[in-house]
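Enquirer:
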Amino acid sequence: MDVTIQLRAIKKGDDVILHLKDSEGHEHDKTITTLVNPGSKVTWTLMENSDIIEITGISPKNGSANIFSTPPQPVDGSKDWQAIVCDEQSGKESYNIDFKYKDGKDYRDDPDAEINPPGK
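Position one of the sequence shown corresponds to residue 1 (full-length UniProt numbering), numbered consecutively onward.
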């Protein structure tokens, strides 16, 4: 099952955080845990009026395993990013999303992905 995660930036005081919504119905500020299956495609896309200029990087958080067999990368001709989840990985891991806010500054947030065991 492929998953789409939509992103929008929200300014809270001096901080800029992500509001995330995935195609499984999870939605929250700062972080969500998205359930993915081994081998599935994950697409990160910007919501309408997201206040994000661009996603500048997606990578495993320090201390977390790399859950992607194909690393997150920009999709040609769009502002989306995509990756493929490892076939033999399971468990819950955190990753970083780096993005450029409408003020031109770079920010980072760190949602989680939980991979179902192979064969589920």
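Beta carbons are placed, not taken as given, at the ideal position from N, Cα and C, and that holds for glycine.
1. Using a Cβ cut-off of 8 Å (strictly closer), state whether residue 105 contacts chain B.
2. Taking just the CA atoms, how far does residue 37 sit from residue 5?
3. Name the DSSP bridge partner or partners of residue 65?
4. Are the region 95-105 and the region 22-34 touching by the rule of at least three beta carbon pairs closer than 8 Å?
5. Tell me whether residue 28 sits in a helix, a strand or coil according to DSSP, three-state version.
6. Are the CB atoms of residue 64 and residue 93 within a distance shorter than 8 Å?
7. Indicate the three-state DSSP secondary structure (helix, strand or coil) for residue 59 in the structure shown.
8. Exposed or buried, residue 71, counting other C-beta atoms within 10 Å across all chains shown (16 or more means buried)?
9. For the structure I just gave you, are there three or more beta carbon pairs, one from the region 44-60 and one from the region 7-22, closer than 8 Å?
10. Give me the Cα-Cα distance between residue 62 and residue 68, rounded to the nearest whole angstrom.
Expert: By the coordinates alone:
1. The displayed structure is made up of one protein chain only, and chain B is not part of it.
2. Each residue's Cα considered, the two are about 15 Å apart.
3. None, per the DSSP bridge assignment.
4. Result no; under three Cβ-Cβ pairs closer than 8 Å.
5. In the structure shown, the three-state DSSP call for residue 28 is strand.
6. Yes, the pair counts as a contact, with Cβ atoms nearer than the cut-off.
7. Three-state DSSP puts residue 59 in a strand.
8. The residue is exposed, with fewer than 16 neighbouring Cβ atoms inside 10 Å.
9. Between the region 44-60 and the region 7-22, the count of Cβ pairs shorter than 8 Å is three or higher; the stretches touch.
10. Those two C-alpha atoms are separated by around 15 Å.
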